[in-house]
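Undergrad:
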C-alpha cells in the first residue's frame, strides 16, 4: 500500500510541476530575476501549494496525531538550529540551482525530456550527495 501511495504522490507532484512550468529552467530563472524581467507565475504556484497544504497540516497538528494515515510513527520535529553548516549548505544549494534554473524535484521530472543538461544536473546532484556523506563521516 505504501508503494502505491508513494507512486501516486510522486506522479501527482510530477504532473503539478510539469503543468505549472516549474521544470522549465528559463521560467525558474525568470522568477529568480527580480531586477530584470521578473516572472511572478511561480510565486502563484507556490502560493497555491501552500493554500492546499496548510489547512490539512494545521488540522493534523491540532488533532495531535502521532501516526501517519497508514499507521507508521511520525518522526519528532527537531528544534530549529541555524548554524554555519546550514547556512553554507543553503548557500551552495541556492546558488547551484539558481544558476541553472533547476532544483532537485523538478530535475527528476526534467530527466524525462532526455536533455543532456538535466542528466548533468542530476549527476552533479548525486555527486554532491555522495560528497556530503563523505565529509560528514
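In full-length UniProt numbering, the protein residues as written are 1 to 137. Beta carbons: idealized from backbone N, C-alpha and C, even for Gly.
What is the DSSP secondary structure of residue 115, reduced to helix, strand or coil?
TA: It is coil, neither helix nor strand.
Undergrad: Can you give the Cα-Cα distance for residue 75 and residue 122, rounded to whole angstroms?
TA: Spanning the two alpha carbons is a distance of roughly 28 Å.
Undergrad: Could you please give me the residues that DSSP links to residue 73 through a beta bridge?
TA: Paired residues: 67.
Undergrad: To the nearest angstrom, how far is the alpha carbon of residue 125 from that of residue 104?
TA: In a straight line, the C-alpha of residue 125 is about 8 Å away from that of residue 104.
Undergrad: Report the CB separation of residue 38 from residue 30 in whole angstroms; it is logged as a contact under 8 Å.
TA: Indeed they touch by this definition, with Cβ atoms about 7 Å apart.
Undergrad: Tell me which residue opens and which closes the alpha helix (DSSP H) that residue 53 is part of.
TA: It spans 41 to 62 - the alpha helix (DSSP H) in which residue 53 sits, taken as one unbroken run.
Undergrad: Assuming residue 41 and residue 21 form a contact by the criterion Cβ under 8 Å, report the distance between their Cβ atoms to the nearest whole angstrom.
TA: Right, their Cβ atoms sit about 7 Å apart.
Undergrad: Could you give the first and the last residue of the continuous alpha helix (DSSP H) run that contains residue 21?
TA: Looking at the DSSP string, residue 21 is not in any alpha helix (DSSP H), and its letter there is neither H nor E.
Undergrad: Determine the contact status of residue 101 and residue 28, defining contact as a CB-CB distance below 7 Å.
TA: Going by C-beta atoms, residue 101 is nearer than 7 Å to residue 28.
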